[in-house]
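Peer 1: Once you've had a glance at the structure underneath, I'll fire off some questions.
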Amino acid sequence: MLEVLQSTVDGIAVGSIIALAAVGLTLTYGILRLANFAHGDILTLGAYLAFLANTTFKLNIWISMAFGCSIAIAIVLLCEKILWQPLRAKRATSTTMMIVSIGLALVIRNAIILVWGAKPQKYELPTFPAINVWELAITRNKIVVIVAAFAVIAGLYYLLQNTKIGKAMRAVADNPELAKVAGINVDAVILWTWIIAGGMTAFGGSMYGLITNLRPNMGWFLILPMFAAVILGGIGNPYGAIAGALIVGISQEVATTCPAALGEWQQYCIGTDYKLGVGLVLMILVLLFKPQGLFKSTI
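Structure follows, in structure tokens:
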């Protein structure tokens, strides 16, 4: 039981990072109808930009994260200007845009490899002993990741529910043409969608570096759990994506836990190499039995 609880804590930390990225993914799909496969590589880019500021410019880790998010947002907006906006103007199909996003993902990933190399990297941070809570060993970085993620999510909730731009985003997601007729500036909503999605995803990536080494393909490996979280929570529903991400994160960690008490039965445990498969199985089950997701598919 102790090992399962330990895996649950680890799953909450990973799920918190998936939640930040999944919210951005579901916002871009809900408002722009874009299944963006480059989303995971934006997460990786945010992490490596924070790494650059932390190790090369010797900046504080929080300032480094802010730097990484800012540059990532600028790159996302540049892609909107030179890529997504012209494709929408030409009425490109969703399939075409999805294929373009895969190409963009490859460009970003190989640019990261070109600049930083393929070997794992890590931030220059002091190490602290783990905190023991009811015999559970919880590192300070995992606590920081969980608290920071939920703080950002709370800020997103306030923005969507209580601000003018948040209400406009919900209106555009529900009916873009009607929103335009009602006087809502759809172009401004699109820009804000990219800013929020890019910022949250890059922040999630930079925090992922607090609990693991940075690798050029780490965001690509997280894209399946992101999509699983989005589908599980209901496509276009940011709050559902958060719940879905926590379910996926915890399921991945707990399902691959192999307690020593099992003895010779340990050989039948699911190996950690199959973590991504857990998210995929969850996604398939939801699509089979409840295609609309566990929650209403709307912002």
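Just remember that the working numbering sits 1304 ahead of the position in the sequence shown, which is counted from 1. Yeah, the Cβ is synthetic: ideal placement off N, Cα and C, and Gly gets one too.
1. Go ahead and pull the three-state DSSP assignment for Asn1436.
2. Are at least three pairs of beta-carbons, each pair with one atom in the stretch 1432-1441 and one in the stretch 1539-1547, less than 8 Å apart?
3. Out of Glu1307, Val1404, Val1490, Phe1454, which one is the CA nearest neighbour of Ala1475?
4. So which of Ile1335, Ala1354, Met1504 has the shortest CA-CA distance to Ala1455?
5. What's the C-alpha gap between Val1486 and Arg1337?
6. Quick one: what's Gln1310 bridged to in DSSP?
7. Do you know offhand how far Thr1431's Cα is from Ile1447's?
8. Are the beta-carbon atoms belonging to Phe1593 and Gly1537 less than 8 Å from one another?
9. Would you decide whether Thr1348 is buried or exposed? Buried here means 16 or more other CB atoms lie within 10 Å of its CB.
10. Where does Pro1520 land, buried or exposed, given buried means 16+ other C-beta within 10 angstroms?
11. Give the list of continuous alpha helix (DSSP H) stretches no shorter than 4 residues that lie fully inside the stretch 1341-1407.
12. Starting from Gln1425 and walking both ways along the alpha helix (DSSP H), at which residues does that stretch end?
13. Got a sec? Which residues, its chain only, sit under 8 Å from Tyr1333 by beta carbon, not counting five neighbours each side?
14. Tell me which residues share the same chain as Ala1354 and place their Cβ nearer than 6 Å to its Cβ, disregarding the 5 neighbours each side in the sequence.
15. Run through DSSP, which three-state label would Ala1486 get?
16. Buried or exposed: Asn1517, going by 16 or more other Cβ atoms within 10 Å of its Cβ?
17. Where Gly1553 and Ser1320 are concerned, what is the direct C-alpha to C-alpha distance, given to the nearest angstrom?
18. Grouping DSSP H, G and I as helix and E and B as strand, with all else coil, what is Ile1416?
Peer 2: Let me spell this out:
1. Taking the first residue of the sequence shown as position 1, residue 1436 is located at position 132. It is a strand residue.
2. no
3. Start at 1 with the first residue of the sequence shown, and residue 1475 comes out as number 171. Considering only alpha carbons, the answer is Val1490.
4. Looking up residue 1455 in the sequence shown gives position 151. Cα-wise, what sits closest to Ala1455 is Met1504.
5. Along the sequence shown, one-based indexing puts residue 1486 at 182. Along the sequence shown, one-based indexing puts residue 1337 at 33. Note that residue 1486 is Ala in the sequence shown, not Val. In a straight line, the C-alpha of Ala1486 is about 20 Å away from that of Arg1337.
6. Working through the sequence shown from its first residue, we reach residue 1310 at position 6. Gln1310 is not bridged to any residue.
7. Taking the first residue of the sequence shown as 1, we reach residue 1431 at position 127. Taking the first residue of the sequence shown as 1, we reach residue 1447 at position 143. Computed Cα separation, rounded: 14 Å.
8. Stepping through the sequence shown from its first residue, residue 1593 is reached at position 289. Stepping through the sequence shown from its first residue, residue 1537 is reached at position 233. Not closer than 8 Å, so no.
9. For the purposes of this step, residue 1348 is taken as the residue at position 44 of the sequence shown. With 16 or more neighbouring CB atoms inside 10 Å of its own CB, Thr1348 falls in the buried class.
10. Walking along the sequence shown from the start, residue 1520 turns up at place 216. Around the beta carbon of Pro1520, a 10 Å sphere encloses 16 or more other beta carbons of the protein chains shown; the residue is thus reported as buried.
11. 1343-1359, 1365-1383, 1389-1393
12. For the purposes of this step, residue 1425 is taken as residue 121 along the sequence shown, with counting starting at 1. Neither: Gln1425 is in no alpha helix (DSSP H) and is coded neither H nor E.
13. Counting from 1 along the sequence shown, the entry for residue 1333 is found at position 29. Cβ neighbours of Tyr1333 beyond the five flanking positions: Ala1339, Asn1340, Val1534, Ile1539, Gly1540.
14. Working through the sequence shown from its first residue, we reach residue 1354 at position 50. Correct list, in chain order: Ser1368, Met1369, Gly1372, Ser1510.
15. On the sequence shown, position 182 is the one that residue 1486 refers to. Residue state, collapsed to three classes: coil.
16. The residue you call residue 1517 lines up with position 213 of the sequence shown. Answer is exposed; the Cβ neighbour count stays below 16.
17. On the sequence shown, position 249 is the one that residue 1553 refers to. On the sequence shown, position 16 is the one that residue 1320 refers to. Distance between the alpha carbons of Gly1553 and Ser1320: 8 Å.
18. Along the sequence shown, one-based indexing puts residue 1416 at 112. In the structure shown, Ile1416 sits in a helix (DSSP, three-state: H, G or I).
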